[in-house]
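Here the structure comes first, spelled out in structure tokens, and everything after it is commentary.
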């Protein structure tokens, strides 16, 4: 992540981490921010992240619980995450990976039509019930820390 004027480019607590939020100072200076974190590498989806995902166990657990809740209500957590990301100010462009035409069409539908009233209620409930309890909603620096621990152990 890029640091600008001492502020880290990352999201707020909980579900708000769906996108990287820019430094307000950077936005005021006309810096365009590109967000590629709407679904947080699969964390914010009903399918869940790959096994190698660098997030903490706490974050993964909360995301699994949120995904289970969404599945029970026939709502895709990833759809809520993309919608939430698109509604945030300060981002010039969003990059979202899609591996099927259905997913592409779903995301285009979000851009042009938003989400249903039912999905909006589920989104608010998910943010309150699950993501508000996270102590830390990002994993910045963990990969570097793990790498340094591994290389230090190998050097010993």
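Residue numbers (this note's numbering): 95 to 250.
We put the beta carbon where it would ideally sit given N, CA and C, even for glycine.
Within the DSSP secondary-structure output, residue 188 pairs in a beta bridge with 129.
Excluding the 5 residues flanking it on each side, residue 135 has same chain C-beta neighbours closer than 7 Å at 143, 147, in chain order. Under the three-state reduction of DSSP output, residue 195 falls in the helix class.
Within its own chain, the residues whose Cβ lies closer than 6 Å to the Cβ of residue 165, once the five positions on either side in sequence are excluded, are 140, listed in chain order. Residue 181 counts as exposed, since fewer than 16 other C-beta atoms from the protein chains shown sit within 10 angstroms of its C-beta. Between the alpha carbons of residue 151 and residue 232 lies a gap of roughly 11 Å. When C-alpha distances from residue 175 are compared across 130, 193, 195, the shortest belongs to 130. Between residue 220 and residue 149 a beta carbon distance of about 17 Å is seen, past the 8 Å cut, so the two are scored as non-contacting.
Here the alpha carbon of residue 206 sits roughly 30 Å from the alpha carbon of residue 156. The beta carbon of residue 167 is closer than 6 Å to those of 216 in its chain, skipping five residues each way along the sequence.
Taking a C-beta distance under 9 Å as the contact criterion, residue 153 and residue 228 qualify as a contact pair. The beta carbon of residue 186 sits closer than 8 Å to those of 126, 127, 128, all from its chain and outside the five residues before and after it, given in chain order. In this chain, the alpha helix (DSSP H) harbouring residue 172 covers 171-180.
DSSP places residue 213 in the uninterrupted alpha helix (DSSP H) bounded by 211-223.
For residue 158, the CB contacts under 7 Å within the same chain, skipping 5 residues up- and downstream, are 142 in chain order. One alpha carbon belongs to residue 247, the other to residue 241, and they sit about 10 Å apart.
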